[in-house]
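Here the structure is laid out as structure tokens; the discussion comes afterwards.
2 protein chains.
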Amino acid sequence: MGAAAVDGGFLRGLVGYNARRAGVSILGLFKERMQVFDLQPVDFSVLSLIRHNPGITARAICDELNLMAPNLVRLMARLDERALVRRQPHPTDGRAWGLSLTPEGERLMSQAEPAAAQLEVDATADLNDEERAQLIRLLQRIYL
Amino acid sequence: MGAAAVDGGFLRGLVGYNARRAGVSILGLFKERMQVFDLQPVDFSVLSLIRHNPGITARAICDELNLMAPNLVRLMARLDERALVRRQPHPTDGRAWGLSLTPEGERLMSQAEPAAAQLEVDATADLNDEERAQLIRLLQRIYL
DNA sequence: TATTGTTATACTCTATAACTATA
DNA sequence: TATAGTTATAGAGTATAACAATA
Numbered sequence: 187m188g189a190a191a192v193d194g195g196f197l198r199g200l201v202g203y204n205a206r207r208a209g210v211s212i213l214g215l216f217k218e219r220m221q222v223f224d225l226q227p228v229d230f231s232v233l234s235l236i237r238h239n240p241g242i243t244a245r246a247i248c249d250e251l252n253l254m255a256p257n258l259v260r261l262m263a264r265l266d267e268r269a270l271v272r273r274q275p276h277p278t279d280g281r282a283w284g285l286s287l288t289p290e291g292e293r294l295m296s297q298a299e300p301a302a303a304q305l306e307v308d309a310t311a312d313l314n315d316e317e318r319a320q321l322i323r324l325l326q327r328i329y330l
Numbered sequence: 187m188g189a190a191a192v193d194g195g196f197l198r199g200l201v202g203y204n205a206r207r208a209g210v211s212i213l214g215l216f217k218e219r220m221q222v223f224d225l226q227p228v229d230f231s232v233l234s235l236i237r238h239n240p241g242i243t244a245r246a247i248c249d250e251l252n253l254m255a256p257n258l259v260r261l262m263a264r265l266d267e268r269a270l271v272r273r274q275p276h277p278t279d280g281r282a283w284g285l286s287l288t289p290e291g292e293r294l295m296s297q298a299e300p301a302a303a304q305l306e307v308d309a310t311a312d313l314n315d316e317e318r319a320q321l322i323r324l325l326q327r328i329y330l
């Protein structure tokens, strides 16, 4: 009567189905562990991208993370209210802003990124380092 | 200035990030190809599960697909309106319904499932059969 | 007392069109 | 003419609480 008795045979032969299920599984632990930082998965991705690309534009973030521009606006507003990010006039493009972390944003991410890395290892505890690396290589060959 | 110049180094070292990106990539082709069947990804998953488990209950579907019961109600109502599924009194549990495909639902899925399998191969064209199988094995060790 | 299915509802995420300022 | 950022808004997906019927 439990899930074990259900024949999910066809679905489980699909890469897309398994990628989604695995992603949801990791995301569950992510939300749990990242509560202390008050960071949603997307918030974390955006902040990490800004951290490693100071001066990046909103447009480049949208391209990299596959976000729609209007949706990034409210997200950035939240991060701005929390004083985690800073916008400065773009040096060459008057339409754009150059984004970077505030000292507080930097402090937060210097803790959040290691936490995320550890969380990943815990969420994929059945895999060793080599298997985890190969999994990532295979996944990237799909979307890159 | 394009996405290629962006350092996504930290994020791309995370299994969760890559699983999500790969899943989104496959989902894009899924929605495109499945338009002819008028099936959302979740609709397809539910119908496939019912097809291979005739008499299955809504509860078992929720457990298998990680859905919340209230959300399945509207979804089932749509499939019911399209006369793709049928509910019959459960043989042993008076609270539950036994779900199965109608002949029309069976006809639709006999076309949709092979289309989904082909779509997967196309969306993961950089992988050969062995790599695809290994990718699935690795993903399942995360969530199963 | 617990579980199945359901209703109502709220919240978040995602998507589209239209506008401004600049390139 | 095209692009960066923004506003407003509609739609889809996801979440919780509460209820009736049955186990």
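Here the protein sequences line up with chains U and V, keeping their order. In terms of my numbering, the first sequence opens at residue 187 and continues consecutively. In terms of my numbering, the second sequence opens at residue 187 and continues consecutively. We treat Cβ as the ideally placed atom computed from N, Cα and C, and that holds for glycine.
For this session: Just mark residue 233 of chain U as buried or exposed, buried being the case when its beta carbon has 16 or more other beta carbons within 10 Å.
Result: Position 47 of the first sequence, counting from 1, holds the residue named residue 233 of chain U. With 16 or more other Cβ atoms within 10 Å, it is buried.
Problem set entry | Reduced DSSP secondary structure (H/G/I, E/B, other) of residue 210 of chain U | Counted from its first residue, the first sequence places residue 210 of chain U at position 24. It is helical.
Problem set entry | Between the CA atoms of residue 271 of chain U and residue 331 of chain U - distance to the nearest angstrom | Look at the range of chain U in this structure, 187 to 330, and you will see that residue 331 of chain U is not part of it.
Exercise. In this structure, what does DSSP give as the bridge partners for residue 242 of chain V?
Worked result: On the second sequence, position 56 is the one that residue 242 of chain V refers to. Paired residue(s): V:285.
Problem set entry | Contact with chain U by residue 272 of chain V, beta-carbon distance below 8 Å | For the purposes of this step, residue 272 of chain V is taken as residue 86 along the second sequence, with counting starting at 1. No, no contact with chain U.
Exercise. Taking three-plus beta-carbon pairs below 8 Å as touching, is the region 213-224 of chain V in contact with the region 218-236 of chain U?
Worked result: no
Exercise. At a Cβ cut of 9 Å, what residues of the region 203-235 of chain V count as close to chain U, listed as they run along the chain?
Worked result: 203, 204, 205, 206, 207, 208, 209, 210, 211, 212, 213, 215, 216, 227, 230, 231, 234, 235
For this session: Could you tell me whether any Cβ in chain U is nearer than 8 Å to the Cβ of residue 259 of chain V?
Result: Reading the second sequence from its first residue, position 73 is the one you call residue 259 of chain V. By this cut-off, residue 259 of chain V is not an interface position.
For this session: Put residue 184 of chain U into one of helix, strand or coil per three-state DSSP.
Result: Residue numbering for chain U in the displayed model covers 187 to 330; residue 184 of chain U lies beyond these limits and cannot be assessed.
For this session: Measuring alpha carbon to alpha carbon, tell me which of U:309, U:231, U:306 ends up nearest residue 258 of chain U.
Result: As a working mapping, residue 258 of chain U is identified with position 72 in the first sequence. Of the candidates U:309, U:231, U:306, the one whose C-alpha sits nearest the C-alpha of residue 258 of chain U is U:231.
Exercise. When the Cα atoms are used, what is the spatial distance from residue 235 of chain V to residue 194 of chain U?
Worked result: As a position in the second sequence, residue 235 of chain V is number 49, starting the count at 1. As a position in the first sequence, residue 194 of chain U is number 8, starting the count at 1. Those two C-alpha atoms are separated by around 6 Å.
Exercise. Less than 8 Å separating the beta-carbons of residue 228 of chain U and residue 322 of chain V?
Worked result: Counting from 1 along the first sequence, the entry for residue 228 of chain U is found at position 42. Counting from 1 along the second sequence, the entry for residue 322 of chain V is found at position 136. Cβ distance not < 8 Å, so residue 228 of chain U and residue 322 of chain V don't count as in contact.
Problem set entry | Touching by the beta-carbon criterion (3+ pairs, under 8 Å), the region 203-213 of chain V and the region 201-211 of chain U | yes
Exercise. Where does the unbroken alpha helix (DSSP H) through residue 256 of chain V begin, and where does it stop?
Worked result: Locating residue 256 of chain V in the second sequence gives position 70, counting from the first residue. Run containing residue 256 of chain V: 255-267, per the alpha helix (DSSP H) assignment.
Problem set entry | Proximity test, Cβ basis, 8 Å: residue 192 of chain U and chain V | As a first step, residue 192 of chain U must be located in the first sequence, where it is residue number 6. Chain V, which has a Cβ nearer than 8 Å to the Cβ of residue 192 of chain U, makes this yes.
Problem set entry | Own chain partners of residue 243 of chain U with C-beta closer than 8 Å, once the 5 adjacent residues on each side are dropped | Here the question's residue 243 of chain U lines up with position 57 in the first sequence. Contacts found: 276, 279, 282, 283, 284, 285.
For this session: Report yes if the CB atom of residue 192 of chain U is closer than 8 Å to the CB atom of residue 250 of chain V, and no otherwise.
Result: Looking up residue 192 of chain U in the first sequence gives position 6. Looking up residue 250 of chain V in the second sequence gives position 64. Yes, these two residues count as a Cβ contact at 8 Å.
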